[in-house]
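**Student:** Please read through the structure below; I'll follow up with questions.
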Amino acid sequence: MILLFALLAGLEEQTILRTLDAHFTGDYLLYDSQSKRTAGSRGFDAGTAVAIGSLIKPFTTIAYGDGHQFQYPEFTCMGKDCWLPRGHGKVRITEAIGHSCNAYFLSMAARMNPADVADVLAKLGVARPKTDVPQQTLTGMGAAWKFLPQQVAAAYAELVLRASQPGMREAVAGMRVAAKAGTARPLGVFTLAKTGTAPCPRDAGDGFAMALFPADSPRYALLVRVHNSTGGRTATMLAPALHRIRNGK
Ligand SMILES: [Zn+2]
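In terms of this note's numbering, the sequence shown opens at residue 22 and continues consecutively.
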């Protein structure tokens, strides 16, 4: 019986990888949270750390909660210091993650120490980054922090496994908003998701998307990257492959 399950899981994994190869042109890394290993990847160099932009925000969320009794602020984004010129209006933590509001996270980061986020990352298995970095690093701006792709995917997988814990709960709720109505909405409610845009020395920027699926009990953590793009555009490019994966083909 166990062998049968392993066989079925292997088939499912192969189907996902084939679908990504055929229907997505960007780089990807598929992490299996059950066997705790990378099931397959294309385009990422396993030993090269990368800047991940706003993919840091869920970890910043957890660190802020840890230091503030899990009481998150409300903030009105008028567009200043944010990527959305018209502003996000009044946002709470889940919308701030879902819509990746930089102004919200900058205001939170002003009351934080980078070491607190580094601690959260370390607890989730990510090599502890240096802590003498600008405050905006905690919002995903700049490239002071770089991480190994598999460690990012594994940390997200661990985060959603712990979704019942305070801080993790808000981070996961924000990823649900992102997939349903936010920056990752092309991916839809089959996933918990987050997007990020990181500086790239070679072009305008790297668009990242992190998608965990199926949303109710995520087995897979899929990290993708498209050069010369944004996180939002990358989610749009990934959507056709993910819809096929959802439909099992
Ligand atoms: Zn905003």
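No residue lacks a Cβ here, since even glycine has one placed at the ideal position from N, Cα and C.
Let me make sure I understand the geometry here. Which of L233, F229 and Q90 has the alpha-carbon closest to that of F197?
**Tutor:** Translated into positions along the sequence shown, residue 197 becomes position 176. In the sequence on display, residue 197 carries Arg and not Phe. Of the candidates L233, F229 and Q90, the one whose C-alpha sits nearest the C-alpha of R197 is L233.
**Student:** Bridge partners for T97 per DSSP, in chain order?
**Tutor:** On the sequence shown, residue 97 is found 76 positions in, with the first residue counted as 1. Paired residues: K111.
**Student:** Which two residues bound the contiguous beta strand (DSSP E) that contains H264?
**Tutor:** Position 243 of the sequence shown, counting from 1, holds the residue named residue 264. Counting along the chain, H264 falls outside any beta strand (DSSP E), though it belongs to the alpha helix (DSSP H) covering G252 to R267.
**Student:** Apart from the five residues just before and just after R267, which ones in its own chain have a Cβ nearer than 6 Å to its Cβ?
**Tutor:** Counting from 1 along the sequence shown, the entry for residue 267 is found at position 246. Excluding sequence neighbours, R267 sits near F211.
**Student:** Have a look at G188 and A176 and give me their C-alpha separation to the nearest angstrom.
**Tutor:** Numbered from its first residue, the sequence shown carries residue 188 at position 167. Numbered from its first residue, the sequence shown carries residue 176 at position 155. Cα-Cα distance, rounded: 14 Å.
**Student:** Does Q171 pass the burial test, meaning 16 or more other C-beta atoms within 10 Å, or should it be called exposed?
**Tutor:** Counting from one through the sequence shown, the residue named residue 171 turns up at place 150. Q171 should be labelled buried.
**Student:** Considering only the beta carbon of each residue, do A192 and D137 sit closer than 8 Å?
**Tutor:** Taking the first residue of the sequence shown as position 1, residue 192 is located at position 171. Taking the first residue of the sequence shown as position 1, residue 137 is located at position 116. Contact flag unset, no.
**Student:** Are the beta-carbon atoms of T158 and W166 separated by less than 8 Å?
**Tutor:** Walking along the sequence shown from the start, residue 158 turns up at place 137. Walking along the sequence shown from the start, residue 166 turns up at place 145. It is a contact, given that the beta carbons lie within the stated cut-off.
**Student:** Let me confirm a value: R246 is counted as buried when at least 16 other C-beta atoms fall within 10 Å, else exposed. Which label applies?
**Tutor:** Counting from 1 along the sequence shown, the entry for residue 246 is found at position 225. Buried, by the Cβ-count rule.
**Student:** Could you pull the DSSP bridge partners for F291 from this structure?
**Tutor:** Because the chain here runs from 22 to 270, residue 291 falls outside it and cannot be looked at.
**Student:** Look at the alpha carbon of T59 and the alpha carbon of Y49, and state the distance between them as a whole number of angstroms.
**Tutor:** In the sequence shown, counting from the first residue as 1, residue 59 sits at position 38. In the sequence shown, counting from the first residue as 1, residue 49 sits at position 28. Rounded to whole angstroms, T59 to Y49 spans 11 Å at the Cα level.
**Student:** Using the C-alpha atoms, what's the distance from F96 back to G110?
**Tutor:** Start at 1 with the first residue of the sequence shown, and residue 110 comes out as number 89. Start at 1 with the first residue of the sequence shown, and residue 96 comes out as number 75. If you take the alpha carbons of G110 and F96, they lie about 8 Å apart.
**Student:** Under 6 Å Cβ to Cβ from R183, same chain only, skipping five residues before and after it: list those, please.
**Tutor:** Mapped onto the sequence shown, residue 183 falls at position 162. Once the five neighbours on either side are set aside, the close Cβ partners of R183 are M189.
**Student:** Per DSSP, M231 is paired with what?
**Tutor:** Taking the first residue of the sequence shown as 1, we reach residue 231 at position 210. DSSP output for M231 lists K215 and L244 as bridge partner(s).
**Student:** My output table needs one value for D137: the three-state DSSP class, helix, strand or coil.
**Tutor:** Your numbering for residue 137 matches position 116 in the sequence shown. Note: D137 maps to helix in three-state DSSP.
**Student:** I want to check one thing, is the minimum distance from the CB of L32 to the heavy atoms of ligand 1 below 7 Å?
**Tutor:** Locating residue 32 in the sequence shown gives position 11, counting from the first residue. Not so, every heavy atom of ligand 1 lies at least 7 Å from the Cβ.
**Student:** Could you check whether the Cβ of L105 sits closer than 7 Å to any heavy atom belonging to ligand 1?
**Tutor:** Your numbering for residue 105 matches position 84 in the sequence shown. For ligand 1, at least one heavy atom lies less than 7 Å from the Cβ of L105.
**Student:** Go ahead and pull the three-state DSSP assignment for G47.
**Tutor:** Here residue 47 is taken as the residue at index 26 of the sequence shown, counted from 1. In this structure, G47 counts as coil in the three-state DSSP scheme.
**Student:** Leaving out five residues on either side along the sequence, give the residues of the same chain with a beta carbon under 6 Å from the beta carbon of L263.
**Tutor:** Counting from 1 along the sequence shown, the entry for residue 263 is found at position 242. Answer for L263: L208, listed in chain order.
**Student:** Any heavy atom of ligand 1 closer than 7 Å to the Cβ of C221?
**Tutor:** Residue mapping note: residue 221 aligns to position 200 of the sequence shown, counting from 1. Not so, every heavy atom of ligand 1 lies at least 7 Å from the Cβ.
**Student:** So what's D53 in DSSP terms, helix, strand or just coil?
**Tutor:** Numbered from its first residue, the sequence shown carries residue 53 at position 32. DSSP places D53 in strand when its eight states are reduced to three.
**Student:** May I ask which residues mark the beginning and end of the alpha helix (DSSP H) holding S128?
**Tutor:** If you number the sequence shown from 1, residue 128 lands on position 107. Where S128 is concerned, the enclosing alpha helix (DSSP H) stretches over N123 to A130.
**Student:** Does ligand 1 have even one heavy atom less than 7 Å from the beta-carbon of H109?
**Tutor:** Taking the sequence shown and counting its residues from 1, the one referred to as residue 109 is at position 88. Yes; taking the cut-off as 7 Å, the Cβ of H109 has a heavy atom of ligand 1 nearer than that.
**Student:** Does N123 pass the burial test, meaning 16 or more other C-beta atoms within 10 Å, or should it be called exposed?
**Tutor:** Counted from its first residue, the sequence shown places residue 123 at position 102. Buried, since its Cβ has 16 or more Cβ neighbours within 10 Å.
**Student:** According to the neighbour-count rule (16 or more other Cβ atoms, all chains shown, within 10 Å of its Cβ), is M99 buried or exposed?
**Tutor:** Taking the sequence shown and counting its residues from 1, the one referred to as residue 99 is at position 78. That one is exposed.
**Student:** Under DSSP, the alpha helix (DSSP H) around T82 begins and ends at which residues?
**Tutor:** Your numbering for residue 82 matches position 61 in the sequence shown. T82 -> alpha helix (DSSP H) spans K78 to G88.
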